[in-house]
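Everything on this sheet refers to the single structure shown next.
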Amino acid sequence: MGLLRKRGFLAAAATSSIVALYFALVAGRAVVFIATGDPVARALGFALLLFPALGAWWLLHEWRLGTAVQRMADELEADGRLPVHEGDRDSRGRLTAEAQDAVFEFAKREVELRPDDWAAWFHVGFAYDAAGDRSMARKSLGHAATLYRTRRARSAQQKDNGKVTPAE
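First residue of the sequence shown: 7, per the numbering used here; consecutive thereafter.
Spelled out as structure tokens, the structure:
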């Protein structure tokens, strides 16, 4: 794990720890409200329990996506297939609109040729990111992660059954 990735991981872990502490404190207050016996306080306590539960689900979902994306990036890097966006750049170092379009069109063609390939969706996600569309980048990376997990589960199941097939 490189220094930048390690720093990013440490920042995410620190932020998650602070958020988890906040969730624990809110849940503690919720239990106090519920224990009072007053109907309004109990209702407020149950409502307060909902927020940490939703927050914990969201936090786990984000960690799951982040770790899957990191695993995919590590695998692509080991294979020499990590996306590199080349093309003209503006004064801030970002790809120009024409270069963004070229990167995206290339990645889009890759997905059209291999719609069930997680690596193709990974490349589309980073093409969206290069274009500044973070929402679509996350959706594409989420789809890539789903395909990646499915492939890994299928490979593990085949390995357990004694049938080893090459990875996609």
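Just so it is clear, CB atoms sit at the ideal spot from N, CA and C, and this is done for glycine as well.
Fair warning: this is a prediction, and the values are worked out from it, not measured in the lab.
Pairwise C-alpha distance: residue j and residue i
i, j, result
"M78", "L50", "43 angstroms"
"L55", "Q76", "32 angstroms"
"L9", "F15", "Residue placement at L9 cannot be trusted, given a pLDDT of 48 that sits under 50; the coordinates are not used to answer."
"R13", "T73", "14 angstroms"
"H67", "A26", "14 angstroms"
"G138", "F57", "31 angstroms"
"T156", "D122", "10 angstroms"
"A30", "G61", "11 angstroms"
"K165", "R158", "10 angstroms"
"A151", "R70", "9 angstroms"
"L119", "A47", "58 angstroms"
"E116", "D80", "20 angstroms"
Given residue i as reference, the closest of the options once Cα atoms are compared
i, options, result
"L144", "A137, G131, R155", "Per the sequence shown, residue 144 should be read as Arg rather than Leu. Closest by alpha carbon: G131."
"L88", "D94, A18, A113", "A113"
"D135", "L119, R100, Y28", "R100"
"A133", "N167, H91, R160, Q163", "H91"
"E83", "T42, G34, H129", "H129"
Residues near residue i by beta carbon distance below 6 angstroms, same chain, minus five either side
i, result
"L147", "V75, G131"
"A36", "G51, L54, L55"
"I40", "R48, G51"
Cβ neighbours of residue i in the same chain (closer than 8 angstroms, five flanking residues each side left out)
i, result
"A17", "none"
"L153", "D122, D123, W124, W127"
"D96", "T102"
Neighbourhood of residue i by C-beta, 7 angstroms cutoff - its chain only, sequence neighbours within 5 removed
i, result
"V32", "L54, F57, P58"
#### Entry: Within the segment 31-109, ranges of the alpha helix (DSSP H) (whole runs, at least 4 residues)
45-85
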